[in-house]
Every structure is written in structure tokens, then in C-alpha cells.
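A short worksheet on the structure shown next.
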Amino acid sequence: MRLSRFEIPLLTPATAFNVLIPVTFPNGQTSTNFYVAYQVVNTTTGFKSIAYVEPILTVSISQTANTATGSFGPTVSSNTVGETVSNLNIKGDSPTSLITNSGNNIGTAFSYFSEWDYFGASTVSGFSSYGECYILKYLHYTTNYASYLLGSTFTYSYKSMKGIVCHCDLSGYTTLNLVISTGYIPSKWGITIPGYGAISQNTGRLLYLRSNYQNVGNTPTVSGITFPAVGPNMVQVVGVFNISLPVPLDESVQLKITGNPSSTNLPFTFSNTGTCALYYNGVKTSAGCNFVPTPTEVVYTLTIL
Amino acid sequence: MFTDIYCAVLIPQDTDIVNGYGALPLVATTTPKNTLTITTSNSQDWTDFVTNTKPLVSSVAASNTNSPGDSLLQDISNPQSLVFSWKAPFSSVSSFSASPGTTITNGWGIMIMMNPSIEFDMTTTSGVLQSTQQTSNTLTPNVTSVTSSTAYNQYTLIKLTGTIVDHLQHIFAVTATKTAFGLYPFKVKPFSSIYPDNNCMDFMIATVDGINGPQNTMTYKGYFLINGFTQSTSAGTINMGFINYQSSTAMDGSQVPTMLRIKGSVTNNQTSLDSLIVFFDTLTPYFSNKHAG
Chain A
14 MRLSRFEIPL LTPATAFNVL IPVTFPNGQT STNFYVAYQV VNTTTGFKSI AYVEPILTVS
74 ISQTANTATG SFGPTVSSNT VGETVSNLNI KGDSPTSLIT NSGNNIGTAF SYFSEWDYFG
134 ASTVSGFSSY GECYILKYLH YTTNYASYLL GSTFTYSYKS MKGIVCHCDL SGYTTLNLVI
194 STGYIPSKWG ITIPGYGAIS QNTGRLLYLR SNYQNVGNTP TVSGITFPAV GPNMVQVVGV
254 FNISLPVPLD ESVQLKITGN PSSTNLPFTF SNTGTCALYY NGVKTSAGCN FVPTPTEVVY
314 TLTIL
Chain B
22 MFTDIYCAVL IPQDTDIVNG YGALPLVATT TPKNTLTITT SNSQDWTDFV TNTKPLVSSV
82 AASNTNSPGD SLLQDISNPQ SLVFSWKAPF SSVSSFSASP GTTITNGWGI MIMMNPSIEF
142 DMTTTSGVLQ STQQTSNTLT PNVTSVTSST AYNQYTLIKL TGTIVDHLQH IFAVTATKTA
202 FGLYPFKVKP FSSIYPDNNC MDFMIATVDG INGPQNTMTY KGYFLINGFT QSTSAGTINM
262 GFINYQSSTA MDGSQVPTML RIKGSVTNNQ TSLDSLIVFF DTLTPYFSNK HAG
């Protein structure tokens, strides 16, 4: 057995701890071995010693998750893209009754992770009857480096993941609604927002894994735009639309300006001209812009840099 | 960084260590090239691979019991037995005939040299080393501790000696048999170090034909090195396991991660614990995102 190790500093004085370490395995691996040890430091000499070693633990799991059932993620069907929501619900219903954690069977948990930070600095409630929840984040970064060395174009995936893990140390459950005191719905992805929920049983087996169960209900709309005075054929742009956005924007967003199809004086008939800019608190920000006009609407894509 | 590094090297079992010292040192001082590595070599057939019993544990009593899960306990208050468990044939420790009653010229002995921090307790048994062996016809124990700070070498040396082959065949039978014997009383002072320094708890052992005779007639037969490792009793409770483990297709963290969970509570030695160490095989932790905090 070839063992590697990592060290986890303990606070002084050490009391109770709950350590979560995101890890990954080779495909098809069903058995993994562990030792956990305490390390002490002689405060006089600085010598480090391993003072205690727990008996070896071998975890053997052969499991494929169900990705078709379970309801997980933010309840946002009545919310709007980009909205800041008080008491945002995160659903974590389990199709299977969950077993209370005990001994080394401490894997029963609901997990929810996303590349978008729904939590900010909020508090999370709704789980105290079952155990405790912990918010954590990790970096997901992968490349095709091996094939890149053989001539493929370099590709990578980089996501700063943030989420929550709720341990069923007191009781199992079947229905769950976590409540984020102040939740943030992103605008980058439109109505289909990112995030996955997972249900794990006490032995650590992943039972259910599924993406968000709801899309955001509404897209933001702007009204009361004053059109600049233009000539009847709108041959040239003669003014500026100043649109105050109803929600915060993050990263790339799509902004669609739609005319009234029944109008005989469509606001946009131009092509290959026009600019846009983005201002934040009166200051022009770094942004790119392109647009696609049609007889009845113009779709701007703002790229916030 | 280190002033001295002790290295044990692989030595053929029948090497004449006295005459071949220049070519094959048992213990040598050298300049470290890899300061975190020490290579050891055990003599042939000197461990019990069948049951994986640890070759050395300690027990807070006069005992020769080696139970699974035991270890060399760090304890400065209670004297302990050093319990050795071996399965080695007579032929690997002596060149004399195995016939019962055979006299060994100038005696036979096994020398066990260790860190002086494993110190013979002079008070508990009035300065007498007790040896707990399986029969009354046993080897004679003797112990020497050199702990003076001005001494050129500091060590604790135990010798077990006999004059006929029957004496040593209770530990080293003609057909190798798992056996254990205890030596009492000792106090194990510090925790063993994880680096090669003065707190290493290595036990260097040699068996010698003619141990009571002149040095030029002594024949070293077998060698053995044990990396002693001291522990305390558990500081509390530790539980560990996985969350979100899927075996068919590995969880790569793009959706949710598989997590190793370690949960525990510390009830004693709270101020001296520095960190948890996790030893594992065949998994990869994620990197922390320093840029985003």
C-alpha cells in the first residue's frame, strides 16, 4: 500500500472539529484506505511527533447515483433574474429516508454546490432538527494537458465552487427547505441558473445527484424609456437610450430591446452601426458590446470585462 | 539542518560485519541527501507476516502479551514491558548445532540497542531487569543505560545471553515459530520523531555467537532493525468516512464533490495537539482557491 498524506492544522486548544476535504478518485475505484493520526509539537524543542494513530479504515463503496429523481436547488419560480431575495429557499428533498449518522458511518448529508455564490455572507436556517450545515468552497480546475502534449488544442475548465453540506447527525429526513437569509440570483445565465444538489447515505454512498429543479420565473423588464427624437426613417442614430437596469448585472448578459410590431414607426431599422456602453454609479466600466438588429427588436450582448 | 544522520544499510544475512566493516557499515554517519528519508532493512524471516503482528509493543505491566492494535506507548510515569514478537528460525541467529544440550562456546547473545530515552527504571524492581519468556529455561537478561550528557555515545543496551542452544530455542525454534517475550521495567520518555533526529526510536538488534569471548572470536549472525514508534492513548474520538461517493464515474467536482469527512472531539492533551494527519491511498484532494480567498 502506497500512502500519501496531508496535514490539517488544529486550533489551540483543540476541542471539537468537523473537517471536510473535497477529493476525487479514479473511475471505477471502489475501495480506499485511510489512517488518521494526531501530531504534537514539543513547545521547547520544536520536535514534531505523531502521537496517536487511529486503526486503518477501509471504505468500500460500489455505487452509481440516480440522476432522475429528487428535488434540489433554489425555489425561484416567482423570482426575477438578478434579484436579491430575502429568505431564499433551497430545496433538498430526498426520495429515500435518510439514516442518522453514527460511528464511522457519517456520510448522510444533503449537499448543494454551484459556481454561483447564492449565499454571500448570509446565515442558513432550516436544518437544526437534523444536524448542522457548513458552507465551503473549492476550486474545480481541469485541463486536457495530456492530450495537449500530443497536439490537441489546450482546453480547461475553471470554476470557483461554493456550496453547503448539511450533516444528518441528529436525525434523517425526507423533505427539506433550507433558508438563506439573503440569497442572490445570478443574471449571467438567464433563467436557467447553475447548481447541483446531492443526497448521500450514511455509508457515504451517493444516492441522488441532480441539477436545479426550477428555473427563475421572470426576466427583468424595463419600462418608461424615453426615445430620442429621430427622423421618420431612422436613417441615422440621433440620440442615446439611457436605460437604468432593474437588477445587478454580472459577467455577460443579454439585453433585448423590443419594439411594438404593430407600430408603423419601429425604433430600430439600422444595421451595422450603433454602440453601447455600461455605466456603474456614473462611471463607465470596462465592457464590450455587439448587437443584432431585426425589424422589431435589437438584441444587445453586453460583455462585462 | 542536521548534525548527524544515521543510516541503516542492506546487509546480506551472513556478512561478517567485523571483518567487512570498511565495506559494509551497519551504522554510518553521512551527509544527508534526502533529509526526509531513512532506509531500513530487516533480517530474513524475523517478522510474522502471516498475522502482521507488530514486532515491538509496550505494555504497562510485566507482560509478554502482544495484542493487535497495541503500540509502543509513550509514558513517563508508568514502567512498561518492551514486548518483542518474532518468528525466526534458530539457523538465522546461530551457527552452532541445533541439537539439544549443545554448548555454545563463549556463550550466545542477542544485543538490543535503543534510544536512551527508553530508559531502564531502576526503582520498580530494585535495579533488576525482568525477562518474561515462555519457559523457566530462559536467556539471562542484562541492561546498560548510558545517558550522561558528556558521554561520547548515549544508548540503552539490553543483552540476553545463554550457554546452550536450548536457552535460545524458546525464542528462536529450529522451525520458526511465532513467539513473544517481554523485558521489564522501562520508561518511554518522548514521542518518537517523524524526522531522523535524536528522538528516533530505532531498535538495532544483533545476534552473536561467542558473545562472552574475545572480540576477534565473536561471530555476528543475524541483524534486525525495528523502527520503534511511540504513541499515547487517544486524545478523544475520531470518526471518518465519505460523503457523495460514486464509484462508476468519479466525481470530478464539476457538480458536487466527493468529500472526506473527519469528525472528532478532543478531551485530553488539548493544548499540545498541533494537527491532524491523514494518510491515504489513491485519491486526489482539490487545491484551495487562494486567489478568491
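Residue numbers (our numbering), protein chains in the order written: chain A, 14 to 318; chain B, 22 to 314. Glycine included, C-beta positions come from ideal geometry on N, C-alpha and C.
Residue i in three-state terms, based on DSSP
i	result
residue 291/A	coil
residue 52/A	strand
residue 111/B	helix
residue 101/B	strand
residue 61/B	Confidence at residue 61/B is low in this model, with a pLDDT of 43, below 50, so the placement of that residue should be treated as unreliable; the coordinate-derived value is given next. Note: residue 61/B maps to coil in three-state DSSP.
residue 303/A	strand
residue 236/B	helix
residue 103/A	strand
residue 133/A	coil
residue 218/A	strand
residue 201/B	strand
residue 299/B	strand
residue 59/A	coil
residue 18/A	strand
residue 142/B	coil
residue 124/A	strand
residue 306/B	strand
residue 226/A	coil
residue 192/B	coil
residue 65/A	strand
residue 75/B	coil
residue 176/B	strand
residue 93/B	strand
residue 138/A	strand
Limits of the unbroken alpha helix (DSSP H) element including residue i
i	result
residue 162/A	158-162
residue 186/B	186-189
Cβ-heavy atom distance, residue i to the ligand MN, below 7 Å
i	result
residue 78/A	The ligand content of the structure shown is nil, which means the ligand MN is not present either.
Residue i versus the options, residue with shortest Cα-Cα distance
i	options	result
residue 231/A	18/A, 27/A, 260/A, 134/A	260/A
residue 134/A	108/A, 153/A, 194/A	194/A
residue 52/A	100/B, 295/B, 301/B	295/B
residue 216/A	202/A, 119/A, 124/A, 187/A	119/A
residue 104/A	84/A, 122/A, 113/A	84/A
residue 110/B	235/B, 228/B, 98/B	228/B
residue 44/A	287/B, 290/B, 159/B, 268/B	268/B
residue 149/A	126/A, 23/A, 115/A, 256/A	126/A
residue 100/B	148/B, 120/B, 122/B	148/B
residue 200/B	80/B, 86/B, 170/B	86/B
residue 167/B	137/B, 119/B, 250/B	137/B
residue 186/B	96/B, 287/B, 279/B, 128/B	128/B
residue 159/B	182/B, 150/B, 145/B, 96/B	182/B
residue 300/B	234/A, 49/A, 183/A, 91/A	49/A
residue 9/A	76/A, 26/A, 65/A, 228/A	No answer is possible for residue 9/A: it lies beyond the span of chain A, which begins at 14 and ends at 318.
residue 278/B	174/A, 75/A, 68/A	174/A
residue 133/B	196/B, 288/B, 177/B	177/B
residue 234/B	175/B, 146/B, 184/B	184/B
residue 234/A	58/A, 189/A, 257/A	257/A
Presumed contact (8 Å Cβ cut-off) between residue i and residue j, rounded CB distance
i	j	result
residue 125/B	residue 230/B	6 Å
residue 36/A	residue 281/B	5 Å
residue 249/B	residue 222/B	3 Å
residue 223/A	residue 113/A	Wrong, their Cβ atoms sit about 23 Å apart, outside the cutoff.
residue 82/A	residue 209/A	Between residue 209/A and residue 82/A the Cβ distance is about 14 Å, and since that is not below 8 Å, they are no contact.
residue 62/A	residue 213/B	6 Å
Span of the beta strand (DSSP E) around residue i
i	result
residue 117/A	From DSSP, residue 117/A is part of no beta strand (DSSP E); its letter is neither H nor E.
residue 151/B	151-153
residue 213/B	First-last for residue 213/B: undefined, no H or E at that position.
residue 84/A	84-87
residue 317/B	For chain B, the structure presents residues 22 to 314; residue 317/B sits outside this window and is missing.
residue 129/B	124-135
residue 227/B	222-230
residue 82/B	Where residue 82/B is concerned, there is no enclosing beta strand (DSSP E), given that its DSSP letter is neither H nor E.
residue 70/A	70-73
Task: Contained beta strand (DSSP E) runs [length at least 3] in the segment 22-47 of chain A, N- to C-terminal order - done: 29-37
Open item on the list: Please give the ranges of any beta strand (DSSP E) in the segment 239-295 of chain B, keeping only runs that are unbroken, at least 3 residues long and fully inside the region.
Closed with: 240-249, 257-264, 279-287
- [ ] Could you name each continuous beta strand (DSSP E) segment of 3 residues or more that falls completely within the segment 143-216 of chain A, going from the start of the chain to the end?
- [x] 145-156, 169-180, 190-197, 209-213
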